[in-house]
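full-length UniProt numbering puts the first residue of the sequence shown at 1, with every later residue one more than the last.
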Amino acid sequence: MANLALIGASGAVGSRILKELSDRGHTVTGIARSPEKIAALPGVTAKKGDVFDKEGLAELIRDHDAVISAVHFVDSDPDTLIAAVRASGVKRYLVVGGAGSLEVAPGKRLVDTAEFPAIYKAEAQKGADFLDKLKTVSDLDWTFLSPSAMFVPGERTGKFRVGKDTLLASDKGSSISFEDYAIAMVDEIEKPTHVRQRFTVGY
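Put into structure tokens, the structure is as follows:
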């Protein structure tokens with residue numbers, strides 16, 4: 001079993017990843033601004049952390065096997081997060097990504113389509129910028145996992161498709177539940193198959 005640090009452990013996606021990790025027997029340091037909001041689960045230790053405090057964050061995530069970042073892009077800074085992981089000495093870094101940077105046609109990203117909701121544009125663009133930054137990082141074993149267009153609470157079915165850089169869609173649209181996304185993330189932690197790559201999951 002792995003010893004993991006999860007930044008954003010109290011959030012909508014982070015809390016699902018936390019539960020999946022706990023259910024599979026991993027040891028987790030859950031990090032959030034308000035640690036009292038982190039679910040009390042087997043193997044989980046809640047810690048207070050600030051995503052803009054490089055030194056403090058590095059200290060919290062030191063001596064773990066991997067770090068997972070599950071924070072909003074508009075509420076964090078990629079340079080600070082990457083620098084904190086580097087300073088901690090942890091080599092494996094997994095990021096909860098966005099769908100906006102996925103391609104809907106060759107060379108055309110979802111965030112650049114006319115139909116993309118304006119309310120999500122800033123978050124999507126910052127997520128795409130984060131991915132571009134990660135692609136220049138060669139000293140960390142990073143993975144960026146993009147969800148489908150509709151990323152919402154739902155069921156844990158364990159039945160989904162895995163793709164690379166193209167938005168996954170079916171006749172029912174493009175979607176993935178937080179719960180099934182968490183399965184894909186923890187699968188990647190347990191058996192890395194997308195090191196220094198982005199991948200995506202959807203129905």
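From the three backbone atoms N, C-alpha and C, an ideal C-beta is built for every residue, glycine too.
The structure presented is a predicted model; accordingly, all values stated were derived computationally and were not measured.
Expressed to the nearest angstrom, what Euclidean distance is found between the alpha-carbon atoms of residue 116 and residue 124? Reading the sequence shown from its first residue, position 116 is the one you call residue 116. Reading the sequence shown from its first residue, position 124 is the one you call residue 124. Taking the straight line joining both Cα atoms gives about 10 Å.
Which residues mark the beginning and the end of the beta strand (DSSP E) in which residue 15 is found? Translated into the one-based positions of the sequence shown, residue 15 becomes position 15. Where residue 15 is concerned, there is no enclosing beta strand (DSSP E), although the alpha helix (DSSP H) it sits in stretches over 12-23.
Identify which residue in 92, 11, 142 has its Cα closest to the Cα of residue 182. By 1-based counting over the sequence shown, the position of residue 182 is 182. It is 11.
DSSP-derived helix/strand/coil call for residue 38: By 1-based counting over the sequence shown, the position of residue 38 is 38. DSSP places residue 38 in coil when its eight states are reduced to three.
The alpha helix (DSSP H) with residue 62 in it runs from where to where? Locating residue 62 in the sequence shown gives position 62, counting from the first residue. Unbroken run through residue 62: none, as it is neither H nor E.
Residues near residue 81 in its chain [Cβ-Cβ closer than 7 Å; skip 5 each side]: Against the sequence shown, residue 81 aligns to sequence position 81. Cβ within range, chain order: 51, 69.
Under the assumption that residue 130 contacts residue 78 (Cβ atoms under 8 Å), give the Cβ distance between them as a whole number of angstroms. If you number the sequence shown from 1, residue 130 lands on position 130. If you number the sequence shown from 1, residue 78 lands on position 78. Rounded, the Cβ-Cβ distance is 4 Å, consistent with contact.
Whose C-beta lies closer than 6 Å to the C-beta of residue 46 among residues of the same chain, with five residues either side of it excluded? Counted from its first residue, the sequence shown places residue 46 at position 46. Here the set comprises 30, 35, 38.
Taking C-alpha atoms, which residue in 149, 49, 23 lies nearest to residue 9? The count along the sequence shown starts at 1 and reaches residue 9 at position 9. Restricting attention to 149, 49, 23, the CA atom closest to the CA of residue 9 is found in 49.
Counted within 10 angstroms of its Cβ, other Cβ atoms place residue 185 as buried (16 or more) or exposed: As a position in the sequence shown, residue 185 is number 185, starting the count at 1. Buried, because 16 or more other Cβ atoms sit within 10 Å of the Cβ of residue 185.
Whole-angstrom distance between residue 76 and residue 28, CA atom to CA atom: Here residue 28 corresponds to residue number 28 of the sequence shown, with the count starting at 1. Here residue 76 corresponds to residue number 76 of the sequence shown, with the count starting at 1. Cα to Cα, the separation comes out at about 21 Å.
Coil, strand or helix - residue 150 by DSSP: Taking the first residue of the sequence shown as position 1, residue 150 is located at position 150. DSSP places residue 150 in strand when its eight states are reduced to three.
At least three beta-carbon pairs within less than 8 Å, the segment 13-20 to the segment 170-182: With the cut-off at 8 Å, the segment 13-20 and the segment 170-182 touch.
In terms of DSSP beta bridges, what is residue 145 paired with? Locating residue 145 in the sequence shown gives position 145, where the first residue counts as 1. Partner(s): 96, 199.
Neighbour-count burial assignment, residue 136, 16 or more Cβ in a 10 Å radius: The count along the sequence shown starts at 1 and reaches residue 136 at position 136. Exposed, by the Cβ-count rule.
Work out the CA separation of residue 173 and residue 159 for me, nearest whole Å. Looking up residue 159 in the sequence shown gives position 159. Looking up residue 173 in the sequence shown gives position 173. Spanning the two alpha carbons is a distance of roughly 16 Å.
Per DSSP, cross-strand counterpart(s) of residue 85: The sequence position of residue 85 within the sequence shown is 85, counting from 1. None, per the DSSP bridge assignment.
For residue 199 and residue 142, what's the separation of their Cα atoms in angstroms? Numbered from 1 along the sequence shown, position 199 holds the residue referred to as residue 199. Numbered from 1 along the sequence shown, position 142 holds the residue referred to as residue 142. Whole-angstrom Cα-Cα distance: 11 Å.
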